[in-house]
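**Q** Numbering (our numbering), first residue to last: 1 to 168.
C-beta atoms are modelled at their ideal positions from N, C-alpha and C, and glycine is treated no differently.
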Amino acid sequence: MSGANAIHTLPAAAGFRPWSLFLSTSALSLPVSFTEATFRIRQNFRYFLPNYVGLGFLVLALSLLTRPLSLILFLCIFAAWIYLVFASEDTISVLNYEADRKIIVGFLGVLTLGAVLWTGIWFKLFISVVIGTATVIVHGALRAPENDSPYGSLLHASDNPMGDYSDI
Numbered sequence: 001m002s003g004a005n006a007i008h009t010l011p012a013a014a015g016f017r018p019w020s021l022f023l024s025t026s027a028l029s030l031p032v033s034f035t036e037a038t039f040r041i042r043q044n045f046r047y048f049l050p051n052y053v054g055l056g057f058l059v060l061a062l063s064l065l066t067r068p069l070s071l072i073l074f075l076c077i078f079a080a081w082i083y084l085v086f087a088s089e090d091t092i093s094v095l096n097y098e099a100d101r102k103i104i105v106g107f108l109g110v111l112t113l114g115a116v117l118w119t120g121i122w123f124k125l126f127i128s129v130v131i132g133t134a135t136v137i138v139h140g141a142l143r144a145p146e147n148d149s150p151y152g153s154l155l156h157a158s159d160n161p162m163g164d165y166s167d168i
């Protein structure tokens, strides 16, 4: 598989998952072990990547409410990210030149970095990233994916990891 086609197979290209599925409380449960928690985080991160990115953008937008011009600038940049990277399956053509997805992501990254430097919102960005990362980790660890356990059918979430030993 070539590098250009591999980008189209990423879960992010699939678009947002339904928010009702993302916020479903019936799928929440405590993981049995640390291994299962890390497995859940990886699985949920792959499956809900666009939702997590949108949630991170929302956290940053809420932190920018006190700076309306920065908020407007970053809303435009976020719309460009969503339209050009997450929602678009087609290649972008500029002056009869087809831009590769890597070029688009690089351009948007430089544009975002320039906007952060120009507006001076480093601290708010840092706090937003910390809150967003914590949210992703907590949601990813607590939400049980369809394939519930890294052990497959050997260990279910309702089973005791210590086995069927009883106290004497």
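#1: Roughly how many angstroms lie between the CA atoms of Arg143 and Val59, to the nearest whole one?
#2: Can you tell me whether Ser128 is buried or exposed? The criterion is at least 16 other CB atoms within 10 Å of its CB, across all chains shown.
#3: Using 10 angstroms around the beta-carbon of Tyr97, count the other beta-carbons present and answer buried if the total reaches 16, otherwise exposed.
#4: So the candidates are Ala99, Phe74 and Ala27; which of them puts its Cα closest to the Cα of Leu117?
#5: CB Gly114 to CB Gln43, shorter than 9 angstroms?
#6: Suppose the cutoff is 8 angstroms on Cβ atoms and the five residues either side in sequence are ignored; what does the same chain contact list for Ala4 look like?
#7: Hey, could you find the ends of the alpha helix (DSSP H) Ile41 is sitting in?
#8: Quick check: what's the CA-CA separation for Phe16 versus Gly54?
#9: Between which residues of its own chain and Phe22 is the CB-CB distance below 7 angstroms, once the five residues before and five after are set aside?
#10: Any idea what DSSP makes of Ala27, helix, strand or coil?
#11: Report all residues from its chain with a CB closer than 7 angstroms to the CB of Met1; omit the five preceding and five following residues, and keep chain order.
#12: By a C-beta neighbour count over all protein chains shown, 10 Å radius and 16 as the cutoff for buried, is Trp19 buried or exposed?
#13: What are the start and end residues of the beta strand (DSSP E) that includes Ala99?
#14: Under 9 angstroms between the Cβ atoms of Leu125 and Ala80?
#15: In angstroms, rounded to a whole number, what distance separates the CA positions of Ile92 and Leu111?
#16: Looking at the strands, I want to know which residues DSSP matches up with Val116.
#17: Quick check on Ile121: does DSSP put it in helix, strand or coil?
**A** According to the data block:
#1: Here residue 143 refers to the residue found at position 143 when the sequence shown is read from its first residue. Here residue 59 refers to the residue found at position 59 when the sequence shown is read from its first residue. The alpha-carbon atoms of Arg143 and Val59 are separated by roughly 20 angstroms.
#2: The residue you call residue 128 lines up with position 128 of the sequence shown. Burial call: buried.
#3: To locate residue 97, count along the sequence shown from 1; it is residue 97. Burial call: exposed.
#4: For the purposes of this step, residue 117 is identified with residue 117 of the sequence shown, where counting begins at 1. Leu117 has its Cα closest to that of Phe74, out of Ala99, Phe74 and Ala27.
#5: One-based indexing of the sequence shown puts residue 114 at position 114. One-based indexing of the sequence shown puts residue 43 at position 43. No, the pair does not count as a contact, with Cβ atoms beyond the cut-off.
#6: Here residue 4 refers to the residue found at position 4 of the sequence shown. A caution first: Ala4 carries a pLDDT of 45, below 50, which makes its placement in the model too unreliable to give a value.
#7: Counted from its first residue, the sequence shown places residue 41 at position 41. Its alpha helix (DSSP H) spans residues Phe34 to Tyr47.
#8: Here the question's residue 16 lines up with position 16 in the sequence shown. Here the question's residue 54 lines up with position 54 in the sequence shown. About 9 angstroms.
#9: As a position in the sequence shown, residue 22 is number 22, starting the count at 1. The residues are Phe48 and Asn51.
#10: Residue numbering aside, residue 27 sits at position 27 when the sequence shown is read from its first letter. Correct three-state label for Ala27: helix.
#11: Working through the sequence shown from its first residue, we reach residue 1 at position 1. Caution is warranted here: a pLDDT of 41 is assigned to Met1, below 50, making its placement in the model unreliable, and no coordinate value can be reported.
#12: Against the sequence shown, residue 19 aligns to sequence position 19. Its Cβ having fewer than 16 others within 10 Å, Trp19 is exposed.
#13: By one-based count along the sequence shown, residue 99 stands at place 99. Here the beta strand (DSSP E) through Ala99 covers Tyr97 to Ala99.
#14: Position 125 of the sequence shown, counted from the first residue, corresponds to residue 125. Position 80 of the sequence shown, counted from the first residue, corresponds to residue 80. The answer is no: Cβ separation not under 9 angstroms.
#15: Here residue 92 refers to the residue found at position 92 of the sequence shown. Here residue 111 refers to the residue found at position 111 of the sequence shown. Looking at the two C-alpha atoms, the distance is approximately 17 angstroms.
#16: Within the sequence shown, numbered from 1, the residue matching residue 116 stands at position 116. BP columns for Val116 are empty, so no partner.
#17: In the sequence shown, counting from the first residue as 1, residue 121 sits at position 121. Note: Ile121 maps to coil in three-state DSSP.
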